[in-house]
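Since the structure comes first, as C-alpha cells, the remarks are kept for the end.
In the working numbering, the protein residues as written are -2 to 392.
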C-alpha cells in the first residue's frame, strides 16, 4: 500500500512536470522574456558573487600570509584583518585596471594613429616589394598595384554632404533613440556594477555567516545524505574554480615575464606594453595570448614590418613552449585536466557562450570529470569487475 502511494505521488509529479513543460514550450517567448527580466533583476547579485569569488582568492591569501593573528595582536586589531585583506584585494584589482588604462590603451591609440599616418608610405613599400618578389605581371602584384592611397582626394564631397543632410533629416529621430538606448544601457551597466561591488564587499565580510545560514537551510528541508552530497560537490566546485583562477593568474605573470625578457633581448618597440597586454589577455585560456600577439604584431608593424615578422616568429616559439610545457603543468595540473580535455572545454565553451564560456567551461569540465570518475569507480566496485578486464590486452 505504501509503495502504491509513492507510485501515485511520483506519477502525479511527473504529470504536473510534463504539463508545466508543455505550457512553457507553448509560450516560449513569454517564458524567455520573463527569464530575461528576472535575470536583469538579479544581475547585480550575480556580478557581485562573481567579483567576490575572484577577490576571495587574494583576500584569503592576505589573511593567511600577511595579516595573520601573530602579527596583529589584540582583539581590536584582529578585527581589522578582514577589512585590510578586502582593501588589499580591491587595490590589486584597481592596479590591474589602471595598468590597462594608462599603459596599454594609450599605446594602442598611438599605434592606430601612427599606422593611419604612415599607411601610404607602408603601402608604397609593400607594392614595390610585391613587384620585386612576385614579378610585375603577376596577378597578385597587379591587384596590389591597384590599391589606391589617395582615395580621400577622389571623394565627391557635394554628394557626400547631400547624403549626410538626408540622413540627419530622415533618420535623426532614430539616431537619437539609438543614442538614448545606448546611454541607458551604459548607465544601467554602471549601476549594476556599482551594486555588484557593494554586494561583493558584503559577501566577503559575511562569507562564514552566509555559509552557516545556507547549511542550516539545506539540512532543515532536505535529507541529510543529499545535503552531504550537495556540500561535497559545492566544495569540489569552489576548490576547482579557485585553483583555475590562481593558475591563470600565475600563467599570466609567467608569460608577462617571459615576453618582457624575450622582446627586450630582441630590442622590440613597445616591449613592456606588449608583454603586459599578452599577460592580461592570457587570462582568457588558450586563445587570449594569441589575440594579444596579433595586437602586438600590429603595434610593431606601425614602426617596422621586419621586426613585426620577427615578433610573430618569437610568439610562435614562446606559445609552443608555453602550450606544451607551462600551461599543462601550471593550469592543467591544478584542475586535473589533460590538454585534450582543456581543448574540448575551450571549443565547446567558446562556441556556446563566447569568452565567458571559455573561462567558465574549463573548471566546469574539471568538476564534471571528477564527479564522473567517482561515479564510474563506485559502480565498478559494486559490480566487482576484475581489473584485468579494464586493461588493454596485448596483441
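All C-beta atoms, glycine included, are put in the ideal place defined by N, C-alpha and C.
Source: prediction; values computed, not measured.
Residue i versus residue j: straight-line alpha-carbon distance, rounded
{"i": "residue 386", "j": "residue 377", "result": "11 Å"}
{"i": "residue 25", "j": "residue 11", "result": "20 Å"}
{"i": "residue 30", "j": "residue 22", "result": "13 Å"}
{"i": "residue 86", "j": "residue 14", "result": "45 Å"}
{"i": "residue 254", "j": "residue 223", "result": "47 Å"}
{"i": "residue -2", "j": "residue 4", "result": "Residue placement at residue -2 cannot be trusted, given a pLDDT of 45 that sits under 50; what the coordinates show is reported in the next sentence. Each residue's Cα considered, the two are about 10 Å apart."}
{"i": "residue 17", "j": "residue 94", "result": "46 Å"}
{"i": "residue 343", "j": "residue 76", "result": "42 Å"}
{"i": "residue 50", "j": "residue 186", "result": "20 Å"}
{"i": "residue 346", "j": "residue 339", "result": "10 Å"}
{"i": "residue 37", "j": "residue 290", "result": "35 Å"}
{"i": "residue 306", "j": "residue 279", "result": "21 Å"}
{"i": "residue 107", "j": "residue 301", "result": "15 Å"}
{"i": "residue 99", "j": "residue 191", "result": "22 Å"}
{"i": "residue 249", "j": "residue 262", "result": "20 Å"}
{"i": "residue 97", "j": "residue 299", "result": "20 Å"}
{"i": "residue 39", "j": "residue 6", "result": "34 Å"}
{"i": "residue 208", "j": "residue 350", "result": "29 Å"}
{"i": "residue 20", "j": "residue 42", "result": "29 Å"}
{"i": "residue 219", "j": "residue 375", "result": "24 Å"}
{"i": "residue 274", "j": "residue 27", "result": "43 Å"}
{"i": "residue 221", "j": "residue 240", "result": "28 Å"}
{"i": "residue 203", "j": "residue 32", "result": "29 Å"}
{"i": "residue 384", "j": "residue 373", "result": "14 Å"}
{"i": "residue 58", "j": "residue 215", "result": "29 Å"}
{"i": "residue 152", "j": "residue 35", "result": "Any reading at residue 152 needs caution, since the residue's pLDDT is 46, under 50, leaving its predicted position unreliable; the model's value is listed next. For residue 152 and residue 35, the distance between alpha carbons rounds to 50 Å."}
{"i": "residue 260", "j": "residue 313", "result": "13 Å"}
{"i": "residue 311", "j": "residue 245", "result": "22 Å"}
{"i": "residue 232", "j": "residue 366", "result": "15 Å"}
{"i": "residue 400", "j": "residue 91", "result": "Lying before the first or after the last residue shown, residue 400 is absent from the chain, which here runs from -2 to 392."}
{"i": "residue 357", "j": "residue 337", "result": "17 Å"}
{"i": "residue 110", "j": "residue 213", "result": "60 Å"}
{"i": "residue 217", "j": "residue 205", "result": "18 Å"}
{"i": "residue 89", "j": "residue 269", "result": "19 Å"}
{"i": "residue 103", "j": "residue 236", "result": "38 Å"}
{"i": "residue 348", "j": "residue 243", "result": "24 Å"}
{"i": "residue 188", "j": "residue 388", "result": "58 Å"}
{"i": "residue 247", "j": "residue 225", "result": "33 Å"}
{"i": "residue 78", "j": "residue 341", "result": "41 Å"}
Any non-hydrogen atom of the ligand ATP closer than 8 Å to residue i Cβ
{"i": "residue 267", "result": "The model depicted lacks the ligand ATP and carries no ligand whatsoever."}
Cβ-Cβ separation, residue j to residue i (assumed contact under 8 Å), whole Å
{"i": "residue 287", "j": "residue 352", "result": "That pair is no contact at about 13 Å."}
{"i": "residue 271", "j": "residue 293", "result": "4 Å"}
{"i": "residue 296", "j": "residue 276", "result": "That belief does not hold up - the Cβ atoms of residue 296 and residue 276 are roughly 15 Å apart, past 8 Å."}
{"i": "residue 230", "j": "residue 368", "result": "7 Å"}
{"i": "residue 308", "j": "residue 265", "result": "6 Å"}
{"i": "residue 234", "j": "residue 364", "result": "5 Å"}
Local Cβ density within 10 Å of residue i, reported as buried at 16 or more and exposed below that
{"i": "residue 382", "result": "exposed"}
{"i": "residue 359", "result": "buried"}
{"i": "residue 370", "result": "exposed"}
{"i": "residue 321", "result": "exposed"}
{"i": "residue 9", "result": "exposed"}
{"i": "residue 256", "result": "buried"}
{"i": "residue 258", "result": "exposed"}
{"i": "residue 53", "result": "buried"}
{"i": "residue 318", "result": "exposed"}
{"i": "residue 283", "result": "buried"}
{"i": "residue 55", "result": "buried"}
{"i": "residue 267", "result": "buried"}
{"i": "residue 355", "result": "buried"}
{"i": "residue 379", "result": "exposed"}
{"i": "residue 315", "result": "buried"}
{"i": "residue 303", "result": "exposed"}
{"i": "residue 362", "result": "buried"}
{"i": "residue 401", "result": "The structure shown does not extend to residue 401, since the chain spans only -2 to 392, so no value can be given for it."}
{"i": "residue 146", "result": "With a pLDDT of 46 at residue 146, under the threshold of 50, the predicted position of this residue should be treated as unreliable, and no value is reported."}
Please confirm if the segment 45 to 58 is in contact with the segment 190 to 199, defined as three or more CB-CB distances below 8 Å between the two stretches. In short, these stretches touch, since the Cβ pair count reaches three.
Would the segment 74 to 84 count as touching the segment 54 to 64 if we require 3 or more Cβ pairs under 8 Å? The segment 74 to 84 makes contact with the segment 54 to 64, as at least three CB pairs between them are under 8 Å.
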